[in-house]
Amino acid sequence: MEVGTRVGTDDGFRAVVDARSVVQPLGSGHRVEWWVGGEGRWYDPSTEAAVRQVRPGAAPVLETRLRVSGGDVMATTWAAVGRGSIGPAVVVELANETPVPVAVAVAVQAASGGQIRRMSADGRRLLVDGTTAVVVDREPGCYALVDAAEDLWAMVSGGRTQVEQPRSIRCRIGAAAGALVVPLPHRASLRFAVPAADLVENPSASFPDADRVAAGWATRLIDAATVDIPDGALSAGAHRALVDLQLAKPTAVGAVELARWGLGRQAVETLSATLDPVAKRLVAAAHLWRLHRDPAWFEGPSGLPLEDLVREPADRVEVAGALGALADLLDVRGDTRSAADAREVAAGATLVSLSPTDPATTTLRDLSNCLVLESVDGLDLLTEVPDAWLGGGIEVHGLATPYGRLSYAVRWHGDRPALLWELDRRDDRPMTLRAPGLDTAFSTDEPIGETLLAAPAGWVTPRSTAVSPPDGGEFF
């Protein structure tokens with residue numbers, strides 16, 4: 075089971091970075107970590123207490139700080155595709171923020187369940203069984219290669235490394251390990267790369283920096299729904315979960331959540347790539363259609379293979395509701411006979427929900443269900459409002475629903491919430507909007523509007539949270 079944060083690139087390269095900044099490329103048998111030597115001793119982030127890791131934004135860019143000699147050594151970790159023909163890699167930049175020079179050992183050892191039978195050094199590289207495992211951006215000051223991984227730390231921390239490049243090491247039980255030791259002056263930085271394949275180029279000149287990678291992920295999320303709620307961590311977690319979902323193993327339920335949060339193209343790509351059973355894929359396809367009603371998602375070589383999903387053998391009882399939901403899509407495509415058959419099979423059936431299977435999908439599903447739920451005749455906003463949210467502003471932009479994309483805001487006038495809403499309708503079906511968690515008496519059939527609701531029962535406004543509603547009611 076993976077423990078850590080996934081990083082990766084569009085070409086499918088994935089790696090996991092744990093809370094101590096250890097990098098393991100998925101599908102490999104090795105891991106890469108770093109140790110710091112300064113002021114008379116060595117520090118291993120995996121065992122030191124003074125280690126802190128943060129993810130500053132939604133992008134899979136991590137900052138890990140290790141306290142050393144009156145200051146920090148900070149590792150910034152991200153994944154990127156190299157320039158030109160250079161493939162993908164995890165890039166780690168180490169910045170020495172301490173007042174003294176330090177030494178950095180970039181170590182390669184077997185991952186849990188993995189083996190390294192041959193370890194060799196080649197200038198700035200360490201090779202595992204003949205393939206590049208790590209490359210540093212400058213010539214090492216020292217090397218360490220061992221045929222028993224448990225000896226590597228003792229060799230490095232005990233000063234028994236060697237200046238000359240050593241001969242390769244072999245180990246029949248797969249426990250070979252090695253390290254490149256590099257000096258790092260005060261206020262300087264170095265980079266190393268953990269590549270998907272062979273790499274000889276300098277990491278500092280070959281890969282985009284972390285800010286550029288973060289900007290790229292922001293562009294990918296430009297169409298995503300946004301939320302701003304009193305629980306700031308939950309607000310920030312939505313876009314992080316959307317990123318994590320795109321880096322995770324593709325699943326049908328993941329595709330549905332991507333679509334619900336406005337990322338239609340990524341939803342189609344995810345559903346096309348998943349190996350989930352046909353029944354789950356068909357149910358997910360039905361949800362995608364209901365949420366966006368875009369026939370283009372089911373056309374061409376990059377679209378979802380609707381005919382294959384409908385005709386492939388599956389439990390008809392399990393997928394009856396999905397077939398019914400897709401019937402009008404079949405009509406749009408001109409396949410009226412299949413549409414009629416789908417409606418016949420679906421008589422009396424409802425479209426089932428798919429259960430989340432991973433933390434990112436669970437986070438997105440739970441949050442979206444808290445913000446809006448489909449009712450028998452429309453949409454219910456904020457069915458349950460946590461006490462901690464009362465008196466705090468709420469803004470939601472662009473959540474996909476079967477009636478269109480929904481945006482709304484809650485502002486407070488003393489103990490009374492002002493609700494502003496806008497539903498970008500796709501059709502003229504009757505729809506009733508309610509907000510039972512704020513005011514059970516409120517309902518409307520209007521797609522756009524604003525109103526001052528009744529005060530929530532039993533809630534007393536703290537003096538510090540009473541604010542005036544927006545002038546003129548402007549929100550969208």
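Each residue of the sequence shown is one higher than the last, beginning at 75 in the working numbering. Cβ atoms here follow ideal geometry from the backbone N, Cα and C, with glycine treated the same way. Please read all numbers here as calculations on a predicted model, not as lab measurements.
Straight-line Cα distance separating residue j from residue i
i       : j       : result
Glu-448 : Asp-519 : 14 Å
Pro-543 : Gly-86  : With a pLDDT of only 46 at Pro-543, under 50, the local geometry of the prediction cannot be trusted, and the value read off the model is given with reservation. If you take the alpha carbons of Pro-543 and Gly-86, they lie about 48 Å apart.
Leu-428 : Trp-109 : 44 Å
Leu-365 : Val-220 : 57 Å
Asp-489 : Leu-456 : 17 Å
Val-327 : Arg-334 : 11 Å
Asp-498 : Tyr-477 : 8 Å
Arg-234 : Ala-329 : 52 Å
Arg-485 : Asp-454 : 18 Å
Leu-332 : Pro-504 : 26 Å
Pro-430 : Ala-416 : 27 Å
Gln-183 : Gly-204 : 14 Å
Ala-421 : Val-391 : 11 Å
Gly-602 : Gly-144 : An answer regarding residue 602 cannot be provided, because it is not within the stretch 75 to 550 covered by the chain.
Thr-424 : Leu-100 : 39 Å
Val-166 : Asp-272 : 17 Å
Thr-79  : Val-164 : 12 Å
Ser-36  : Asp-118 : With the chain represented from 75 up to 550, any question about residue 36 goes unanswered, as that position is not in the structure.
His-260 : Val-178 : 12 Å
Asn-276 : Cys-245 : 29 Å
Leu-445 : Asp-297 : 18 Å
Ala-483 : Ala-474 : 16 Å
Ala-347 : Gly-408 : 27 Å
Gly-374 : Ala-353 : 22 Å
Pro-460 : Val-426 : 27 Å
Ser-263 : Ser-278 : 10 Å
Ala-289 : Leu-526 : 39 Å
Ser-412 : Arg-500 : 24 Å
Leu-168 : Pro-324 : 32 Å
Asn-170 : Asp-84  : 31 Å
Sequence-distant residues of its chain with Cβ nearer than 8 Å to residue i (five each side left out)
i       : result
Thr-410 : Leu-404
Leu-295 : Ala-132, His-313, Leu-316, Val-317 and Leu-337
Ala-359 : Leu-345, Phe-372, Leu-378, Leu-380, Leu-383, Ala-396 and Leu-400
Thr-300 : Ala-312, His-313, Glu-469, Val-470, His-471 and Gly-472
Pro-433 : Ala-315 and Asp-318
Leu-226 : Ala-181, Gln-183, Ala-218, Val-220, Ala-251, Gly-252 and Ala-253
Any non-hydrogen atom of the ligand HEM closer than 6 Å to residue i Cβ
i       : result
Ala-279 : Among the components modelled here there is no ligand, and therefore nothing to report on the ligand HEM.
Residue i burial status per 10 Å Cβ neighbour count (16 or more: buried)
i       : result
Ser-95  : buried
Thr-121 : exposed
Thr-514 : exposed
Leu-349 : exposed
Asp-451 : exposed
Gly-187 : exposed
Gln-236 : exposed
Ser-442 : buried
Gly-156 : buried
Ser-159 : exposed
Thr-138 : buried
Ile-190 : buried
Ile-303 : buried
Gly-398 : buried
Thr-435 : buried
Pro-130 : exposed
Thr-293 : exposed
Arg-286 : exposed
Val-128 : exposed
Val-357 : buried
Ala-462 : exposed
Neighbourhood of residue i by C-beta distance below 7 Å, restricted to the same chain and skipping five residues each side
i       : result
Leu-464 : Pro-530 and Trp-533
Ser-242 : Arg-192, Met-193 and Ser-194
Trp-291 : Ala-132, Ala-133 and Val-317
Neighbourhood of residue i by C-beta, 6 Å cutoff - its chain only, sequence neighbours within 5 removed
i       : result
Ala-284 : Val-135, Thr-150 and Trp-152
Arg-141 : Ala-124
Arg-508 : Asp-454 and Ser-517
Ala-222 : Ala-249
Expected contact under 8 Å - CB spacing of residue i and residue j to nearest Å
i       : j       : result
Val-106 : Ala-207 : 7 Å
Leu-254 : Val-210 : 5 Å
Ala-341 : Leu-308 : Not confirmed; about 22 Å, so no contact.
Ala-89  : Val-81  : 5 Å
Thr-172 : Gly-112 : 7 Å
Ala-154 : Phe-266 : Incorrect: roughly 13 Å between the Cβ atoms, too far for contact.
Gly-103 : Ala-185 : 6 Å
Leu-258 : Pro-369 : Not quite, the Cβ-Cβ distance comes to about 57 Å (not below 8 Å), so this is no contact.
Report the residue ranges of all beta strand (DSSP E) runs contained in full by the stretch 178-259; include only those spanning at least 3 residues, in chain order. 192-196, 199-202, 205-210, 216-220 and 251-258
Unbroken stretches of the beta strand (DSSP E), 3 residues or longer, contained in the stretch 268-331: 300-302
With a floor of 4 residues, list each alpha helix (DSSP H) that falls wholly inside the stretch 349-377, ordered by position along the chain. 352-366
Ranges of the alpha helix (DSSP H) found wholly within the stretch 381-426, counting only runs of at least 4: 390-406 and 410-419
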